[in-house]
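The structure appears below as structure tokens.
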Amino acid sequence: MTSSARRLLPPALLAVLALAPAAPAGATAAPVAVQEPATAPAAYPAMCDALDLTDEAEIDARALPADDVFAGTVRAVQPTAGDAKRIGYLVAVERPFRGDIEKDKQVLVTIDWPADVDPTVRKARAYLFFTNDRGGRVVADPCTGTALLPGGITPRVTATLRRFLASVEPTAPPSPTPQPVAFDDPGDPLGNPPELGRVLASGGAIALIGVLGLVLVSRLGRRRG
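Residues -29 to -1, 1 to 196, numbered by mature numbering (1 follows the signal peptide of the UniProt record, and there is no 0), are exactly what the sequence shown covers, in order.
What follows is the structure, given as structure tokens:
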């Protein structure tokens, strides 16, 4: 700062400048680094409510309409050809709780994500799945079909979920539609009654046979006598 410029400054500001340490020659001011807050991937889309894993009533409410409830780890993620928002998740089942999906099996879970939602299910993470069978596919709802297990599938989490879900009644298989019973209406349920002439003819023949038998017996008796 030149002497002429110093004279234009108030005395108090000159005193502050005199006490400030001078920067070394050639030094430039260091840029101030702005640290952005670290954000973890969301466990649910913004439109959905997160599941409280300690709330038995809430877990039971999600499990009731589901065909299968199980905990597993996502091994692979594969968008469906022709539909970028329909994503298949290959899940290694570790703890089945309801339904017929077995432990230590791999199942392909399909989720149809809305067009304006970023899929939140990630590879190599553990989730609690609530799925339904739809046309040969295992389907999970984008809001209520998954729940992230932040600490993994631990024995404590497994025991808690098993205790919670024990009170949920198994889903009853759909009842078959009753088929109407058709009764045949025979035109003549008792059949045609025999004609009177036939009845009389049959009776006459029987009577004639009886008479002939008597005649034959009487003749044989006379010959012996």
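Ideal placement from N, C-alpha and C gives every residue a C-beta, glycine not left out.
Remember, predicted model here, so these are calculated numbers, not experimental data.
Can you look up residue i in the DSSP assignment and give me helix, strand or coil?
i, result
"Thr31", "In the sequence under discussion, the amino acid at residue 31 is Asp, which differs from the Thr named in the question. Correct three-state label for Asp31: helix."
"Val128", "helix"
"Ala178", "helix"
"Gly43", "strand"
"Arg96", "coil"
"Gly184", "helix"
"Ser189", "helix"
"Leu120", "coil"
Suppose you measure from the CA of residue i to the CA of residue j; what does that come to, to the nearest Å?
i, j, result
"Val88", "Thr44", "22 Å"
"Pro50", "Arg33", "26 Å"
"Ile180", "Leu187", "11 Å"
"Val62", "Val40", "13 Å"
"Ser189", "Ala178", "17 Å"
"Pro98", "Gln150", "Checking the displayed sequence, the identity of residue 98 turns out to be Tyr instead of Pro. Roughly 43 Å between the two C-alpha positions."
"Gly184", "Leu191", "11 Å"
"Val139", "Ala130", "15 Å"
"Arg127", "Ala42", "13 Å"
"Asp104", "Ile72", "11 Å"
"Glu29", "Ala137", "14 Å"
Whose CA, out of the options, lies closest to the CA of residue i?
i, options, result
"Asp75", "Glu65, Arg69, Thr81 and Asp83", "Glu65"
"Asp83", "Ile72, Ala52, Ala63 and Gln77", "Ala52"
"Lys56", "Val92, Gly70 and Arg127", "Val92"
"residue 233", "Leu185, Ile124, Ala178 and Gly184", "Nothing about residue 233 can be read from this structure; the chain reaches only from -29 to 196."
"Arg96", "Val80, Pro113, Ala86 and Gly122", "Gly122"
"Cys19", "Arg134, Pro113, Arg133 and Asp71", "Pro113"
"Arg133", "Asp26, Phe68, Asp31 and Pro85", "Phe68"
"Thr115", "Asp54, Gly70 and Ala37", "Ala37"
"Lys94", "Ala86, Asp54, Arg46 and Gly70", "Arg46"
In the DSSP assignment, what residue or residues form a beta bridge with residue i?
i, result
"Thr81", "Gly59 and Val110"
"Thr102", "Asp39 and Ala111"
"Gln49", "Gly59"
"Asp26", "According to DSSP, which records beta bridges pairwise, Asp26 is partnered with nothing at all."
"Asp54", "Thr51"
"Val64", "Gly43"
Are the CB atoms of residue i and residue j nearer to each other than 7 Å?
i, j, result
"Leu22", "Ala118", "yes"
"Leu79", "Gly59", "yes"
"Val48", "Thr81", "no"
Counting only beta-carbon atoms, is residue i nearer than 7 Å to chain C?
i, result
"Phe100", "Protein chains in the displayed structure number just one, and chain C is not present."
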